[in-house]
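Trainee:
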Amino acid sequence: MVHWTAEEKQLITSIWGKVNVEECGAEALARLLIVYPWTQRFFDSFGNLSSPTAIIGNPKVRAHGKKVLTSFGEAIKNLDNLKVTYSKLSELHCEKLHVDPENFRLLGDILIIVLAAHFTKDFTPACQATWQKLVGVVAHALAHKYH
Amino acid sequence: MLTADDQSLIQKVWEKVKGHEEEFGNSALLRLFIVFPQTKTYFPHFDLKPGSDQVRGHGKKVMNALGEAVKNLGNLSQALSELSNLHAYNLRVDPPRFVLQLLAQCIQVVLATHLAKDYTPEIHAAFDKFLSAVAAVLAEKYR
Numbered sequence: 001m002v003h004w005t006a007e008e009k010q011l012i013t014s015i016w017g018k019v020n021v022e023e024c025g026a027e028a029l030a031r032l033l034i035v036y037p038w039t040q041r042f043f044d045s046f047g048n049l050s051s052p053t054a055i056i057g058n059p060k061v062r063a064h065g066k067k068v069l070t071s072f073g074e075a076i077k078n079l080d081n082l083k084v085t086y087s088k089l090s091e092l093h094c095e096k097l098h099v100d101p102e103n104f105r106l107l108g109d110i111l112i113i114v115l116a117a118h119f120t121k122d123f124t125p126a127c128q129a130t131w132q133k134l135v136g137v138v139a140h141a142l143a144h145k146y147h
Numbered sequence: 001m002l003t004a005d006d007q008s009l010i011q012k013v014w015e016k017v018k019g020h021e022e023e024f025g026n027s028a029l030l031r032l033f034i035v036f037p038q039t040k041t042y043f044p045h046f047d048l049k050p051g052s053d054q055v056r057g058h059g060k061k062v063m064n065a066l067g068e069a070v071k072n073l074g075n076l077s078q079a080l081s082e083l084s085n086l087h088a089y090n091l092r093v094d095p096p097r098f099v100l101q102l103l104a105q106c107i108q109v110v111l112a113t114h115l116a117k118d119y120t121p122e123i124h125a126a127f128d129k130f131l132s133a134v135a136a137v138l139a140e141k142y143r
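Residue numbers (UniProt numbering), protein chains in the order written: chain A, 1 to 147; chain B, 1 to 143.
Structure (structure tokens):
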């Protein structure tokens, strides 16, 4: 089980409290599809992903980004119980969606950069350290039920 | 592969870095050591506390090298040849792509904290490609 210090929990909740889940989720997913275009393979049904502008403006990308980050919010509420919280999602990503867990790491790193751009100097090294740990742990929980 | 558009975006970002190589390099290394403490193992000979002149000096060196790379985007292999030798035969940072990827993440975070929304998705993509290309060249001679 992952141990979180009081300071880490504080750094997570204080940032999360100021995140607009819809905007941030849309931004993170769009950047994933732009920066690592091979990830578009999972989103054939999303329509026009032909350019950064198309991706950023795509309503399905925005909606799915919001969904993903809302789920991330669930992880934050269940930091001491992540593997169980994400058990079904993990099975889904393995058995139905067939997503290589490496993609969770990519999205995690992208989320960090989105947060950095949003919070600028408030995204201190201590913040980044805690959030890199968080995205790593979330990625691990999502990969946990793979077989 | 860096397209002409990528190259133009990379050069555009670098205009914002010029003059701040030491500050950005220092910030990136400090983040690297705090966020990914395993990277400290490559600097047992350094004072790694915040404020360290050694870290500041090294950060400036790293960013200046990246600046050279930016001037030679069409020929990274040749431009970084000496550094590639250094990393392969002397420094032997291991595993090469992985650790340099951690530094790349920290450099991007520093840029994002300074450029905010000017670190657009297009620029992010181009710069990420650039740092990957640099890491690949530095890892070229490992074996």
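Built from N, CA and C at the ideal position, the CB exists for glycine as well. Predicted model, so just to flag it, every value in this text is computed and none were measured.
Can you name the start and end residues of the alpha helix (DSSP H) that A:P125 belongs to?
Mentor: For the purposes of this step, residue 125 of chain A is identified with residue 125 of the first sequence, where counting begins at 1. It spans P125 to A143 - the alpha helix (DSSP H) in which A:P125 sits, taken as one unbroken run.
Trainee: Answer with yes or no whether the minimum CB distance from B:H124 to chain A is below 7 Å.
Mentor: As a first step, residue 124 of chain B must be located in the second sequence, where it is residue number 124. Output row for B:H124: interface = yes.
Trainee: For residue 148 of chain A, is the classification buried or exposed, using 16 other Cβ atoms within 10 angstroms of its Cβ as the cut-off for buried?
Mentor: For residue 148 of chain A there is no data in the structure shown, the boundaries of chain A being 1 and 147.
Trainee: If you count every other CB in all the chains shown that lies within 10 Å of the CB of A:Y146, and 16 or more means buried, which is it?
Mentor: Against the first sequence, residue 146 of chain A aligns to sequence position 146. Looking at its Cβ environment, which holds fewer than 16 other Cβ atoms inside 10 Å, A:Y146 is exposed.
Trainee: State yes or no: is the beta carbon of B:R31 nearer than 7 Å to at least one beta carbon in chain A?
Mentor: Residue mapping note: residue 31 of chain B aligns to position 31 of the second sequence, counting from 1. It does: the Cβ of B:R31 has a partner Cβ on chain A nearer than 7 Å.
Trainee: According to DSSP, is A:H118 part of a helix, a strand, or is it coil?
Mentor: Counting from one through the first sequence, the residue named residue 118 of chain A turns up at place 118. In the structure shown, A:H118 sits in a helix (DSSP, three-state: H, G or I).
Trainee: Drop a sphere of 10 angstroms on the beta-carbon of A:A10, count the other beta-carbons inside from all chains shown, and report buried for 16 or more, exposed for fewer.
Mentor: Counting from one through the first sequence, the residue named residue 10 of chain A turns up at place 10. Residue identity differs from the one stated: residue 10 of chain A is Gln in this sequence, not Ala. With fewer than 16 other Cβ atoms within 10 Å, it is exposed.
Trainee: Below 7 Å on C-beta distance, what does B:D128 contact in chain A?
Mentor: Locating residue 128 of chain B in the second sequence gives position 128, counting from the first residue. Going along chain A in sequence order, the residues near B:D128 (Cβ under 7 Å) are V35.
Trainee: Within the 7 Å Cβ cut-off, does A:P125 reach chain B?
Mentor: One-based indexing of the first sequence puts residue 125 of chain A at position 125. Yes, A:P125 lies at the interface with chain B (some Cβ there is under 7 Å from its Cβ).
Trainee: In chain order, which beta strand (DSSP E) runs of at least 3 residues are fully inside the region 40-120 of chain A?
Mentor: none
Trainee: Is the distance from the Cβ of A:L69 to the Cβ of A:V21 below 7 Å?
Mentor: The count along the first sequence starts at 1 and reaches residue 69 of chain A at position 69. The count along the first sequence starts at 1 and reaches residue 21 of chain A at position 21. Yes, the Cβ-Cβ distance between A:L69 and A:V21 is below 7 Å.
Trainee: Strictly under 7 Å for the Cβ-Cβ distance: is B:V55 near chain A by that measure?
Mentor: Residue mapping note: residue 55 of chain B aligns to position 55 of the second sequence, counting from 1. Chain A contact via Cβ: absent.
Trainee: Whole angstroms is fine: what's the gap from A:D109's alpha carbon to A:A116's?
Mentor: What you label residue 109 of chain A is simply residue 109 of the first sequence in a count that begins at 1. What you label residue 116 of chain A is simply residue 116 of the first sequence in a count that begins at 1. For A:D109 and A:A116, the distance between alpha carbons rounds to 11 Å.
Trainee: So, is the C-beta of B:V109 closer than 7 Å to a C-beta in chain A?
Mentor: Along the second sequence, read from residue 1 onward, the residue named residue 109 of chain B stands at position 109. Yes, because at least one Cβ of chain A sits closer than 7 Å to the Cβ of B:V109.
Trainee: Which bits of chain B does A:R31 rub up against, with CB to CB less than 9 Å?
Mentor: In the first sequence, residue 31 of chain A corresponds to position 31, counting from 1. Here the neighbours are P121, H124 and A125.
Trainee: Count the other C-beta atoms from every protein chain shown that fall within 10 angstroms of the C-beta of B:N75, then say buried if there are 16 or more, exposed otherwise.
Mentor: For this step, residue 75 of chain B is matched to residue 75 along the second sequence. B:N75 should be labelled exposed.
Trainee: Look up B:M63 in the DSSP assignment and say whether it is helix, strand or coil.
Mentor: In the second sequence, counting from the first residue as 1, residue 63 of chain B sits at position 63. Correct three-state label for B:M63: helix.
Trainee: Could you tell me which uninterrupted alpha helix (DSSP H) segments, each at least 4 residues in length, are contained entirely in the UniProt domain "Globin" (1-143) of chain B, listed from first to last along the chain?
Mentor: 4-17, 21-35, 53-71, 76-79, 81-85, 96-115 and 121-139
Trainee: Run through DSSP, which three-state label would A:V21 get?
Mentor: Taking the first sequence and counting its residues from 1, the one referred to as residue 21 of chain A is at position 21. Helix.
Trainee: Applying the criterion that 16 or more other CB atoms from any shown protein chain within 10 Å of the CB defines a buried residue, is B:H114 buried or exposed?
Mentor: The residue labelled residue 114 of chain B in the question sits at position 114 within the second sequence. By the neighbour-count definition (other C-beta atoms within 10 Å, threshold 16), B:H114 is a buried residue.
Trainee: Closer than 8 Å is the cut-off here; do at least three beta carbon pairs connect the region 44-61 of chain B with the region 100-113 of chain B?
Mentor: no
Trainee: Could you name the residues of the same chain whose beta carbon sits closer than 6 Å to that of A:E91, not counting the 5 residues immediately before and after it, in chain order?
Mentor: For the purposes of this step, residue 91 of chain A is taken as the residue at position 91 of the first sequence. Result list for A:E91: K145, in chain order.
Trainee: How long is the line joining the alpha carbons of B:V93 and B:S132, rounded to whole angstroms?
Mentor: For the purposes of this step, residue 93 of chain B is taken as residue 93 along the second sequence, with counting starting at 1. For the purposes of this step, residue 132 of chain B is taken as residue 132 along the second sequence, with counting starting at 1. CA-CA distance, B:V93 to B:S132, rounds to 15 Å.
Trainee: At what residues does the alpha helix (DSSP H) containing A:T13 begin and finish?
Mentor: Translated into positions along the first sequence, residue 13 of chain A becomes position 13. Judged by DSSP secondary structure, A:T13 falls within the alpha helix (DSSP H) whose first and last residues are A6 to W16.
Trainee: Give a yes or no on whether 7 Å exceeds the smallest Cβ distance from B:V137 to chain E.
Mentor: No chain E is part of this structure, whose protein chains are labelled A and B.
Trainee: What residues in the region 48-59 of chain A have a beta carbon less than 7 Å from any beta carbon of chain B?
Mentor: P52 and I56
Trainee: Along chain B, which residues have their Cβ under 9 Å away from the Cβ of A:I76?
Mentor: The residue labelled residue 76 of chain A in the question sits at position 76 within the first sequence. The contacting residues do not exist; A:I76 stays about 19 Å from chain B at best.
Trainee: Please report the straight-line C-alpha distance between A:A26 and A:L107, rounded to a whole angstrom.
Mentor: One-based indexing of the first sequence puts residue 26 of chain A at position 26. One-based indexing of the first sequence puts residue 107 of chain A at position 107. A:A26 and A:L107: Cα-Cα distance of roughly 12 Å.
Trainee: In three-state terms, what does DSSP make of A:V2?
Mentor: The sequence position of residue 2 of chain A within the first sequence is 2, counting from 1. It is coil, neither helix nor strand.
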